[in-house]
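Enquirer:
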Amino acid sequence: MTPEQRRILRQSRESPLLLLWQALLPLRSVVSFMMTGAHPDDETSALLARLAKGDGARVIYVSATRGGGGQNALGPESGEALALIRSHEMERAAAVLGMEVDWLEQGFGDRLSDFGFAKTPEATTAIWGEDRLLERLVEAIRRSRPDIVSPTFLDVPGQHGHHRAVTRATFKAFEAAADPARFPEQIEAGLRPWRIAKLYLPAYSGAGATYDDAEPPPPATLTVDVGGFDRWLGATYAEIGEWSRLCHRSQGMGRWRPEEDAPAIALNLAQTRLQRVNAEGSIFDGLPRRLGDLATGMKGAPSDALRQADRAIEAAIEAFPDFDRVAASVHEALGAIDHVLQTLGGLARTIAEDLEHRLGIKRRQLARASRLALSLVARLELPAMVVLGQPATGRLVLFQGGKPLTVRGSATSEAGTVEGPTAEGTLRYIPGSHAPFRQRFDPLAANAPIEGRLGYTVDGVDIEDAVAPEILPLEVPPLELTPAPEARVVVAGSQPRLEVRIGARNHTPAPIQTRLRLLGAEAVAPPLRLGPFEAAEISLTAATPAPGHASWQVVADGIAHGRVRRQHYPHIGTTGWIEPATLDLLVVDLALPPGVRIGYVEGGLDRVAGWLEEIGLQVERLSDDEILGGDLGRFETIVIGIKAFGRLPAAAPARLKDYVSRGGHLVSQYHRPGDGWDAAVTPPKRIAIGQPSLRWRVADPAAPIRILASGHPLLTYPNAIGPADWAGWQKERGLSFAASWDPAYVPLLAMADPGEAPLEGGLLSAPIGAGRHTHVSLALAHQLDRLVPGAFRLFANLVQPAGIGGGRLGGAAAALDRSSNP
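All you need for the working numbering is the position in the sequence shown, starting with 1, plus 871.
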């Protein structure tokens, strides 16, 4: 699809009526509701949809992390790449609800990041830092000044340790945010202490396929109905919540909810600074809900103006969908609010601060409503790619679809410079370097390194509103350098010298002359000359280092350079960031099973096939047609990718069972029950995956390993697996372990998190017919991506033929299977 076609599609999907209606919704309320969670997608979307779209409350979601340690239902990205995907998904989910987002994780390398899984809050804060978590949460609260705060999960055993840590921090922040002695540097920087009025807990369990809350939830003191139907949006609030959740594609979110499927959400009032009542009728009880309520107890001009603004807002909503009448009432409300802001000096400081904050938010909301009611089209057009330090041309389009106005346009950049726009709207943008992550998302802001603004005066009121870019340009350096591949694994002794291929691309209109060097390898390339926008590939050779890890960085003399990490998914567009052009190396001492041919069934969620090829194994990726009708007998081993059964045709398990019975070795990697895994149908013999998954995973990557079948060839041939092979693992040992299995299977390993009973379902193997099935729940794919030597050595063993031991130890292996069987 061309950029013009994408623009047409966006325009066709944006109804001016619905945009205006959604801009009017928050005008009635002055209440701010903050939800706290550990990850993107933790938010209770149906509740937030009801509060935002039904009650008009300002809603904010605080996410401790960006989710880089989680699973990925879209592709093989993990770590920083997944964190960027999930950050953009969260922002799009928030935009559906008109919700703000505050991130506590501050970017790449931050200790307060998603490190995978923790079973206790203590294990979580040991890495995040308890004070660090609290300080950043207090800062977010003091900046947003919410009336109500609610964590998304309970602090109970059986719940994710990250969730529990955030819930604990939320209770502590309830007090700390109001105390000027806590984190005084925030006060010195201009924030003020803030007293949250209410703290609610979910009065329902978070148990399910993943968690099993070991304690009952607190009693419900209030229920919130999410089944109300918005006639303009054509959906219940529960359904609108799913519109938002659908944005979390990397987590497989979004499910169809019929209109009648909208159970009320139960809440428990855990803390309050208001007078408690026996029964709350609304989450807003005891709080000023409208502008007019802020005037209670106030006298004089500010009181009158607040009530006038309140009446004008009500008139604007009642006038919908008459654009002109809506605009007139919105401008009347803006004028009244401006009058209040001009008279704050006569009020007590705390009252004045509170009014200034609330009215500042209301003024921005009214400005957006004004722009839509006046049919002002504003569009910031930028190229899909910009080069750091190089000028790019953009355009700020301002078109008046309603009554004529004198409209002013401007543009600014937080990292770079902007010249213009001219009278025709053209601007010159020179981007500067900035972090790939933004710390806040605000639906009334541009949320981009470059922001357009439009301003105008109407009905005696000065109005300004932000204009976001249509797309966020991908930023690249003048010289892009791409080592290919980006990581290498070399079997020790197989290659005395390594060839390194480097893609070089000149993104500037001027020629480049430079020299490339490999830091750490003492290799220098001949002079490199690239014409304007020209690309080339350069080869360097360097001596293979000793066994272990090494890192070679490609540098260019005299010009800004780096590697660009690109990723594209339709629901978030193209994203990326610039980093040093580094080639990571692992030289590993391992042996390969001779002559083995491997068929790999991809699920799209791992890079295992490529890593097996990297160490010298013969791998062929199998299509569905080949699985169902091809000659599978040409492969000694077939490996099933992570969760791949979830996408395979229904007939695939039977074909693979036949392959095993005829002498093939089937190796399946971890699956959850929901990933197309039927315990009685999917594997050659019964294997049941444990649920909830929290109880069937080993989160400690250094958890001790106990060998249950020490002589089994999968652990001895062609590599003797020893203690060193279990060292240096990252994120976790494994997940979705088998809970029970057919007696034919032999468990080879046992492991456990501290204080827990050992799990034996991480590596199972059984002779079946003339072949063999091995099921692996160890997180080997992640370890391969992180170049953990033991993972390569163990995988080389796992793909050996069904005879085990290169066909020489088949009888002994079968005997060991029988003798080891519990």
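Cβ atoms here follow ideal geometry from the backbone N, Cα and C, with glycine treated the same way.
Look at the Cβ atom of residue 1204, then the Cβ atom of residue 1172, and state whether they are nearer than 7 Å.
Expert: Result no, Cβ atoms of residue 1204 and residue 1172 do not sit closer than 7 Å.
Enquirer: May I ask you to report which of helix, strand or coil DSSP gives residue 1689?
Expert: Reliability fails at residue 1689, whose pLDDT of 46 lies under 50, so the model's placement of it is uncertain and the value that follows must be treated cautiously. Three-state DSSP puts residue 1689 in a helix.
Enquirer: Quick test of the definition: if touching needs 3 or more C-beta pairs under 8 Å, does the segment 957-975 touch the segment 1103-1120?
Expert: Yes, since at least three Cβ pairs between the segment 957-975 and the segment 1103-1120 fall closer than 8 Å, the two stretches touch.
Enquirer: Below 6 Å CB to CB, which residues in the same chain sit around residue 1601 once its five sequence neighbours on both sides are set aside?
Expert: Once the five neighbours on either side are set aside, the close Cβ partners of residue 1601 are 1572, 1657.
Enquirer: What does the Cβ neighbour count give for residue 1404, buried or exposed, with the cut at 16 atoms within 10 Å?
Expert: It counts as exposed.
Enquirer: If you follow the alpha helix (DSSP H) that residue 999 is in, where does it begin and where does it stop?
Expert: Where residue 999 is concerned, the enclosing alpha helix (DSSP H) stretches over 992-999.
Enquirer: Flag this pair as yes or no: are the beta carbons of residue 919 and residue 968 separated by less than 7 Å?
Expert: Closer than 7 Å, so yes.
Enquirer: Let me check understanding here. Comparing Cα to Cα, which of 1157, 1611, 1539 lies closest to residue 1644?
Expert: When only C-alpha atoms are compared, the closest one is 1539.
Enquirer: Would a C-beta distance cut-off of 7 Å place residue 1449 and residue 1433 closer than the cut-off?
Expert: Going by C-beta atoms, residue 1449 is nearer than 7 Å to residue 1433.
Enquirer: Count the other CB atoms within 10 Å of the CB of residue 1502; is the residue buried (16 or more) or exposed (fewer)?
Expert: Exposed, by the Cβ-count rule.
Enquirer: Does the Cβ-Cβ distance between residue 1435 and residue 1344 come in under 7 Å?
Expert: Cβ atoms of residue 1435 and residue 1344: not closer than 7 Å.
Enquirer: Quick check on this structure: which residue in 1496, 1557, 1630, 1536 has the alpha carbon closest to the alpha carbon of residue 1564?
Expert: Per the Cα distances, 1630.
Enquirer: Are the CB atoms of residue 1399 and residue 1387 nearer to each other than 7 Å?
Expert: Taking 7 Å as the Cβ cut-off, residue 1399 and residue 1387 qualify as a contacting pair.
Enquirer: Taking buried to mean at least 16 other C-beta atoms within 10 Å of its own C-beta, is residue 986 buried or exposed?
Expert: Burial call: buried.
Enquirer: Identify, in the order they occur along the chain, each residue of the same chain with its Cβ nearer than 7 Å to the Cβ of residue 1264, setting aside the five sequence neighbours on each side.
Expert: Here the set comprises 1297, 1299.
Enquirer: What's the call for residue 1395, buried or exposed, on a 16-neighbour Cβ count within 10 Å?
Expert: Classification of residue 1395: exposed, given that the 10 Å Cβ count is below 16.
Enquirer: Rounded to whole angstroms, what is the Cα-Cα separation between residue 1584 and residue 1369?
Expert: About 32 Å.
Enquirer: With a 10 Å radius around its C-beta and 16 neighbouring C-beta atoms as the bar for buried, classify residue 881 as buried or exposed.
Expert: Exposed: under 16 other Cβ atoms inside 10 Å.
Enquirer: Assuming residue 1211 contacts residue 1237 under a Cβ cut-off of 8 Å, what Cβ separation, rounded to an integer in Å, is found between them?
Expert: That belief does not hold up - the Cβ atoms of residue 1211 and residue 1237 are roughly 13 Å apart, past 8 Å.
Enquirer: Return helix, strand or coil for residue 1124, following the three-state DSSP convention.
Expert: In this structure, residue 1124 counts as coil in the three-state DSSP scheme.
Enquirer: Just to confirm, is the Cβ distance from residue 911 to residue 934 under 7 Å?
Expert: Cβ atoms of residue 911 and residue 934: closer than 7 Å.
Enquirer: Sorted by chain position, which residues of the same chain lie with C-beta nearer than 6 Å to residue 915's C-beta, five sequence neighbours on each side aside?
Expert: These residues qualify, in order along the chain: 1023.
Enquirer: Let me make sure I understand the geometry here. Which of 1276, 1338, 1283, 1578 has the alpha-carbon closest to that of residue 1330?
Expert: Residue 1330 has its Cα closest to that of 1276, out of 1276, 1338, 1283, 1578.
Enquirer: Should residue 1221 go down as buried or exposed, given a rule of 16 or more other Cβ atoms within 10 Å for buried?
Expert: Exposed.
Enquirer: Could you give the DSSP three-state label for residue 1403: helix, strand or coil?
Expert: Note: residue 1403 maps to coil in three-state DSSP.
Enquirer: Might you give, ordered along the chain, the residues of its own chain that have their beta carbon closer than 6 Å to the beta carbon of residue 1313, omitting 5 neighbours on each side?
Expert: So the list reads 971, once near-sequence residues are dropped.
Enquirer: If we call anything under 7 Å between Cβ atoms a contact, is residue 1036 one with residue 996?
Expert: Yes, the Cβ-Cβ distance between residue 1036 and residue 996 is below 7 Å.
Enquirer: Helix, strand or coil: how does DSSP classify residue 873 here?
Expert: Here residue 873 sits in coil by DSSP.
Enquirer: Would you list, in sequence order, the uninterrupted beta strand (DSSP E) runs of no fewer than 3 residues that lie entirely inside the segment 1488-1526?
Expert: Listed in chain order, they are 1489-1492, 1508-1511.
Enquirer: Got a sec, what are the start and stop residues for the alpha helix (DSSP H) residue 1481 sits in?
Expert: Here the alpha helix (DSSP H) through residue 1481 covers 1479-1485.
Enquirer: Would you please verify whether the beta carbon of residue 1205 is less than 7 Å from any beta carbon of chain C?
Expert: The structure shown contains no chain C; it is built from a single protein chain.
Enquirer: By DSSP, does residue 936 sit in helix, in strand, or in coil?
Expert: Three-state DSSP puts residue 936 in coil, outside helix and strand.
Enquirer: Hey, out of 978, 989, 1180, 973, whose CA is closest to residue 1009's CA?
Expert: The shortest Cα separation from residue 1009 among 978, 989, 1180, 973 belongs to 973.
Enquirer: Hey, would you say the C-beta of residue 923 is under 6 Å away from at least one heavy atom of the ligand ADP?
Expert: As for the ligand ADP, it is missing from this structure, which has no ligand bound.
Enquirer: With DSSP run on the structure shown, which of helix, strand or coil describes residue 882?
Expert: In the structure shown, residue 882 sits in a helix (DSSP, three-state: H, G or I).
Enquirer: Nearest to residue 1106 by CA position, among 1494, 921, 1384, 1178, is which residue?
Expert: Among 1494, 921, 1384, 1178, the Cα nearest to that of residue 1106 is on 921.
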